[in-house]
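Visitor:
Chains as they are written, first to last, in my numbering: chain W, -4 to 223; chain Z, 2 to 244; chain S, 578 to 940; chain H, -5 to 308.
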């Protein structure tokens, strides 16, 4: 579990990461409630955006390994690529899950109206995994760390808008409503809606299922072992 | 003025920084397009389509980030890689720094103007007063550049200066209440109105559109004042850092 | 540019293009959540195929997924394009066609679906053939190269063995000569020298005369034994330039002029054997095919090369073919780092040049 | 004992052939110097030998295993020093070593000991707590090497370990390599620098365009290209030296006098240096003698017609 241990260590090694990983989630709790929309407090609506950012920040560590050629060393070490990837991802998902716990249960402690905190936590958890997977797939395209991060940020912004996380999907024109379904953020927005209006449990399972499907697809895409 | 001969190349360097072009031109264009799709046909009671307001906000918001390229160029040329070479050259380094700033301001304004052109001719947004708009945009660009340089001069670690410049951009967007309403107290009210370059410039443009010329000038002049004060601050800090 | 020509890139582009097509169909068509999951599942399969080499039977999973979605959405029909493509790609064209026809007739057949399947099948077969050909081509050229390398290696080994044997033989011979000279001459000559030294100090004329006689005897004996030794050691078979000369002398048909220049001793044995074959082969050729009356053989040896040129004054413009003998000589000279050129302009001309530099041989 | 071997390995990147029927045997205790210009396939050879990249044809054998040469068991016996400096910049030197020691399955006390040993070995014992970002180029290189040593590999593969560092650090590294060899480590070493190979390698393998074009000890290789020996002498009075008597010495091909310098060219291994000098000495004072011997660069130039390093480069 050396890689796991050091992945955690490295995740917390620079100040920007610490701010991203601790301060921002806490700030999320304190954001105010919306009037008509969103149905949950703003912080909980935007937490999805934060999860996406944290995902790429963490995955960048893998990109750094690749950029510097550490993967080459690891390819020669008696450790499989699968072990390397899984231990890294495990470390990152633990960090993300911790964030979700802080946000959800911190909100409960402060008396925010979260309707069903348990389900909300599960939803954030599923989305965290999807976000990590997408980030992993993204970094398999790019070699340059900064460029990959900046382009991903702008891409995220577009996805978030189109997925209906920033603007209620109800005001979208018909075609865009359909296209929105393609983006994972749409499913998070749907999930958040479900938390508030809690219709059938089956719908919630479907939403999580889709997020997990995305996770698997993107992990497969991102699992490539790139050397050089 | 030997510095003049470098201007051309500074401009070229800026035009070839593809990441900046992507972030400050392509992304806003895509976002504007998306918004215009989403908001197509939505017209509130005032009669001005939502998209007009949104695109004005967008153009101004992206000006908040316009300083980043100047910041990285100056950092590269006068602090790290090229430092010794630049100081060995027989020209005035301060003037060189100013020329980079001017180029950056022009570049940023140009990008803003391109966005306006795009939104007018492709998305059909009507801009009422082009000149005024460009004046405000250039004020925002200069302000952003000065703020970024203050960060560069006052923080040791350039990475942190970069992060701070992002905080400046995103922070004022948040404070302007574009993401979510800010709490109502004196502090946030101030930062949501006269203490915020974004709201100031938005207000200036809006007032000009409604022909409140006095209010418009007033807000623009606050911006100008801020620029002058911060410019002096920047000069002091810069002198200490470079000298 | 090279990367662009990789066929697998095209295969994967096709796969993901199909995903785009499904999403397009979905957005324009029913837009139900359930059928979107179908697309996600197919995307999952495609990604798996992209990353890993899945066995053929994995298409069963695609088929099952699509089959399960039959009642719910039309996209399921289009989804069959994937297994059709994959089957054809793996060379199972018959299965692929069968699947094509089965699905096509099970559904209310539309011409669009037909063409959709058709392109999947076509691209599948095309990629299959292309990939197979590429692989075959690679195996082929690899094999060819392998054989060539082995041949080269054997040739070099042979040549080295040849060289080392001739070198060894030379050393042995030198050693034998040294022994012979030492054994047969050394003793007497040393004796004579000693006797002469003694002679200087001898006072009595009688004694001196005797010593002188002794010296004379010894010198006579050693002269005789030198002659014998040289006679014994002179090889009965001719070697080197002599053998070349004898070949030329024995060639009766035409009038031959033989010229030589340079230090013949510089030329190692294995080159002599080549030169000899060269002369023999060329003269035979001339005798058989040429109307020449006169042949010039010219051998030049310099520090760095041996050059043998054989030229006749024949007028036959063109000898119909280069004999296989000459061609093999060409190969041999090339393997020694030299060259052999043949020309028919102005009579028949063969020029063989072999470098003497050691370094050239080691190539 | 055979440590590793490659038999008829063929590898392509796309349609470009990078390894073309490579045969290579590595015996225990050797230091093999792998030479070749950029793009000769050295790095690819290393990558196929360590299982980083797959190959199309042929066989790789590691520690006597052909079936599954890249098993974890075998990988534990290999150390790779990469061409780039592949250490974590946000971890201290010691933590870096701990990381790699951990990956190689070392634990507890043993790990501690080995990490300290490795630091000591590369001379960074007092810098263990520092970040690599604070290191000089040579120190980074040394740390880079140490990362491959904590598990005491049997086969150490070093891909250009001395690129771009000061002569002092380079000597340190070369000495370290010799020490490793003495402790029984087999080493495969690639480099651009002839002198390094000449000083440490027990066997040299020269690659060009994906093929091994020559192998042997340094001396063997030099002999293959050497066809004459040159002795240059600076003498006080060149006119008085009898040139013809020099020319008569066995093996001498040519004698050139230019200014105060006499150059004697003779056949390889004629062993006549002694006699030449004694003759010259009889007639004139010898100020200096210089014997021109070909080096590996000449070997390479002769074999391929190319220079190993771009003349202007590095």
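Even glycine gets a Cβ: it sits at the ideal position worked out from N, Cα and C.
1) Do you know how far the Cα of residue 294 (chain H) is from the Cα of residue 94 (chain H)?
2) Straight-line CA distance for residue 715 (chain S) to residue 667 (chain S)?
3) For residue 27 (chain W), which residues in chain Z fall below 9 Å Cβ to Cβ?
4) If the cut is a Cβ gap below 7 Å, which residues of chain H does residue 730 (chain S) touch?
5) Residues bridged to residue 55 (chain H) by DSSP?
6) Does residue 608 (chain S) come within less than 8 Å of chain W when only Cβ atoms are used?
7) Determine the chain W residues that contact residue 600 (chain S) at a beta-carbon separation under 8 Å, and present them in chain order.
8) Distance check for residue 178 (chain Z) and residue 184 (chain Z), CA to CA, integer angstroms please.
9) Rounded to whole angstroms, what is the Cα-Cα separation between residue 236 (chain H) and residue 287 (chain H)?
10) Can you list, in chain order, the residues of its chain with a C-beta nearer than 7 Å to that of residue 20 (chain Z)? Leave out the 5 residues immediately preceding and following it.
11) Measuring straight from C-alpha to C-alpha, what distance separates residue 653 (chain S) and residue 54 (chain W)?
12) Mapping the DSSP letters down to three states, classify residue 31 (chain H) as helix, strand or coil.
13) Between residue 5 (chain W) and residue 126 (chain H), what straight-line distance do the alpha-carbon atoms span, to the nearest angstrom?
14) Name the residue from H:145, H:261, H:-4 and H:140 whose alpha carbon lies nearest to the alpha carbon of residue 80 (chain H).
15) Distance cutoff 8 Å, beta carbons only. Does residue 17 (chain W) sit that close to anything in chain H?
16) If you check the beta carbons only, do residue 71 (chain H) and residue 1 (chain H) fall under 8 Å apart?
17) Since I believe residue 864 (chain S) is in contact with residue 831 (chain S) (beta carbons under 8 Å), could you give me their beta-carbon distance rounded to a whole number of angstroms?
18) Applying a beta-carbon distance threshold of less than 8 Å, which residues of chain W neighbour residue 702 (chain S)?
19) Alpha carbon to alpha carbon, how far is residue 24 (chain H) from residue 78 (chain Z)?
20) For the beta strand (DSSP E) holding residue 182 (chain H), just list the boundary residues, first then last.
21) Going by C-alpha to C-alpha distance, which of Z:56, Z:132, Z:135 and Z:95 sits closest to residue 3 (chain Z)?
22) Considering just the uninterrupted stretch of the beta strand (DSSP E) at residue 885 (chain S), what are its terminal residues?
23) Mind reading off the beta-carbon distance from residue 68 (chain Z) to residue 145 (chain Z)? Whole number of angstroms is fine, and I expect it under 8 Å.
24) Along chain Z, which residues have their Cβ under 9 Å away from the Cβ of residue 11 (chain W)?
25) Name the DSSP beta bridge partners of residue 261 (chain H), please?
26) Going along the chain, which residues of the region 42 to 75 of chain H sit with their C-beta nearer than 9 Å to a C-beta in chain S?
27) For residue 73 (chain H), report the span of its beta strand (DSSP E) as first-last.
28) Check residue 221 (chain W) in the structure and name its three-state DSSP category.
29) Does the distance from the C-beta atom of residue 82 (chain W) to that of residue -4 (chain W) stay below 8 Å?
30) Against chain S, which members of the region 147 to 178 of chain W pass a CB distance test of less than 8 Å?
31) Is the Cβ-Cβ distance between residue 40 (chain H) and residue 153 (chain H) less than 8 Å?
32) My output table needs one value for residue 938 (chain S): the three-state DSSP class, helix, strand or coil.
33) Would you mind telling me which residues of chain W sit closer than 8 Å to residue 742 (chain S), beta carbon to beta carbon, in chain order?
34) Say whether the region 692 to 706 of chain S touches the region 802 to 813 of chain S, bearing in mind that this needs 3 or more beta-carbon pairs closer than 8 Å, one atom from each stretch.
35) Starting from the beta carbon of residue 57 (chain W), find every residue of chain S whose beta carbon is closer than 9 Å, and list them in chain order.
36) So that I know if they touch, is there some Cβ in chain W lying closer than 8 Å to that of residue 129 (chain H)?
Guide: Per the coordinate set shown:
1) Reading the fourth chain from its first residue, position 100 is the one you call residue 94 (chain H). Reading the fourth chain from its first residue, position 300 is the one you call residue 294 (chain H). Distance between the alpha carbons of residue 94 (chain H) and residue 294 (chain H) is about 37 Å.
2) Counting from 1 along the third chain, the entry for residue 715 (chain S) is found at position 138. Counting from 1 along the third chain, the entry for residue 667 (chain S) is found at position 90. Between the C-alpha atoms of residue 715 (chain S) and residue 667 (chain S) there is a straight-line separation of about 19 Å.
3) Here residue 27 (chain W) refers to the residue found at position 32 of the first chain. Close partners of residue 27 (chain W) in chain Z (Cβ separation under 9 Å): 181, 182, 183 and 184.
4) To locate residue 730 (chain S), count along the third chain from 1; it is residue 153. What residue 730 (chain S) touches in chain H: nothing, since even the nearest Cβ is about 10 Å away.
5) Numbered from 1 along the fourth chain, position 61 holds the residue referred to as residue 55 (chain H). Answer is H:-1, bridged to residue 55 (chain H).
6) Along the third chain, read from residue 1 onward, the residue named residue 608 (chain S) stands at position 31. It does: the Cβ of residue 608 (chain S) has a partner Cβ on chain W nearer than 8 Å.
7) As a working note, residue 600 (chain S) is residue 23 in the third chain. Neighbourhood of residue 600 (chain S) in chain W, by CB distance below 8 Å: 177, in chain order.
8) By one-based count along the second chain, residue 184 (chain Z) stands at place 183. By one-based count along the second chain, residue 178 (chain Z) stands at place 177. Rounded to whole angstroms, residue 184 (chain Z) to residue 178 (chain Z) spans 9 Å at the Cα level.
9) For the purposes of this step, residue 236 (chain H) is taken as the residue at position 242 of the fourth chain. For the purposes of this step, residue 287 (chain H) is taken as the residue at position 293 of the fourth chain. If you take the alpha carbons of residue 236 (chain H) and residue 287 (chain H), they lie about 25 Å apart.
10) For the purposes of this step, residue 20 (chain Z) is taken as residue 19 along the second chain, with counting starting at 1. Cβ neighbours of residue 20 (chain Z) beyond the five flanking positions: none.
11) Taking the first residue of the third chain as 1, we reach residue 653 (chain S) at position 76. Taking the first residue of the first chain as 1, we reach residue 54 (chain W) at position 59. Near 35 Å, if we compare the C-alpha coordinates of residue 54 (chain W) and residue 653 (chain S).
12) Here residue 31 (chain H) refers to the residue found at position 37 when the fourth chain is read from its first residue. In the structure shown, residue 31 (chain H) sits in coil (DSSP, three-state: anything other than H, G, I, E or B).
13) Position 10 of the first chain, counted from the first residue, corresponds to residue 5 (chain W). Position 132 of the fourth chain, counted from the first residue, corresponds to residue 126 (chain H). About 14 Å.
14) Locating residue 80 (chain H) in the fourth chain gives position 86, counting from the first residue. Per the C-alpha coordinates, the member of H:145, H:261, H:-4 and H:140 positioned closest to residue 80 (chain H) is H:140.
15) The residue given as residue 17 (chain W) occupies position 22 in the first chain. Chain H contact via Cβ: absent.
16) In the fourth chain, residue 71 (chain H) corresponds to position 77, counting from 1. In the fourth chain, residue 1 (chain H) corresponds to position 7, counting from 1. Their beta carbons are not under 8 Å apart, which means residue 71 (chain H) does not touch residue 1 (chain H) by this criterion.
17) Within the third chain, residue 831 (chain S) is the residue found at index 254, counting from 1. Within the third chain, residue 864 (chain S) is the residue found at index 287, counting from 1. Here residue 831 (chain S) really is in contact with residue 864 (chain S); their C-beta atoms are around 7 Å apart, less than 8 Å.
18) As a working mapping, residue 702 (chain S) is identified with position 125 in the third chain. From the beta-carbon of residue 702 (chain S), no residue of chain W is found nearer than 8 Å; the closest lies around 27 Å away.
19) Here residue 24 (chain H) refers to the residue found at position 30 when the fourth chain is read from its first residue. Here residue 78 (chain Z) refers to the residue found at position 77 when the second chain is read from its first residue. Whole-angstrom Cα-Cα distance: 50 Å.
20) The residue given as residue 182 (chain H) occupies position 188 in the fourth chain. In the DSSP assignment, residue 182 (chain H) falls within the unbroken beta strand (DSSP E) covering 180 to 184.
21) Counted from its first residue, the second chain places residue 3 (chain Z) at position 2. Closest option to residue 3 (chain Z), Cα to Cα, is Z:95.
22) In the third chain, residue 885 (chain S) corresponds to position 308, counting from 1. First-last of the beta strand (DSSP E) with residue 885 (chain S): 882 to 889.
23) For the purposes of this step, residue 68 (chain Z) is taken as residue 67 along the second chain, with counting starting at 1. For the purposes of this step, residue 145 (chain Z) is taken as residue 144 along the second chain, with counting starting at 1. Between residue 145 (chain Z) and residue 68 (chain Z) the Cβ distance is about 4 Å, and since that is below 8 Å, they are a contact.
24) Against the first chain, residue 11 (chain W) aligns to sequence position 16. Residue 11 (chain W) reaches chain Z at 160, 161 and 164, counting residues in chain order whose Cβ is nearer than 9 Å.
25) Taking the fourth chain and counting its residues from 1, the one referred to as residue 261 (chain H) is at position 267. When DSSP reads this structure, residue 261 (chain H) sits in a beta bridge with H:222.
26) Cβ contacts with chain S come from 50 and 51.
27) As a working note, residue 73 (chain H) is residue 79 in the fourth chain. For residue 73 (chain H), the enclosing beta strand (DSSP E) covers residues 72 to 75.
28) Within the first chain, residue 221 (chain W) is the residue found at index 226, counting from 1. The three-state secondary structure of residue 221 (chain W), taken from DSSP, is coil.
29) Position 87 of the first chain, counted from the start, is the residue given in the question as residue 82 (chain W). Position 1 of the first chain, counted from the start, is the residue given in the question as residue -4 (chain W). Cβ atoms of residue 82 (chain W) and residue -4 (chain W): closer than 8 Å.
30) The residues in question are 170, 173, 174, 176 and 177.
31) Taking the first residue of the fourth chain as position 1, residue 40 (chain H) is located at position 46. Taking the first residue of the fourth chain as position 1, residue 153 (chain H) is located at position 159. Yes, they are a contact pair.
32) Within the third chain, numbered from 1, the residue matching residue 938 (chain S) stands at position 361. In this prediction, residue 938 (chain S) scores a pLDDT of 43, lower than 50, which makes its location untrustworthy; no coordinate-derived value is stated.
33) To locate residue 742 (chain S), count along the third chain from 1; it is residue 165. Ordered by position in chain W, no residue passes the 8 Å Cβ test against residue 742 (chain S), which lies about 46 Å from the chain.
34) Contact between the region 692 to 706 of chain S and the region 802 to 813 of chain S is not established, with fewer than three Cβ pairs separated by less than 8 Å.
35) Position 62 of the first chain, counted from the first residue, corresponds to residue 57 (chain W). At a C-beta separation below 9 Å, residue 57 (chain W) has no neighbours in chain S, since its nearest C-beta there lies roughly 16 Å away.
36) Start at 1 with the first residue of the fourth chain, and residue 129 (chain H) comes out as number 135. So, not an interface residue.
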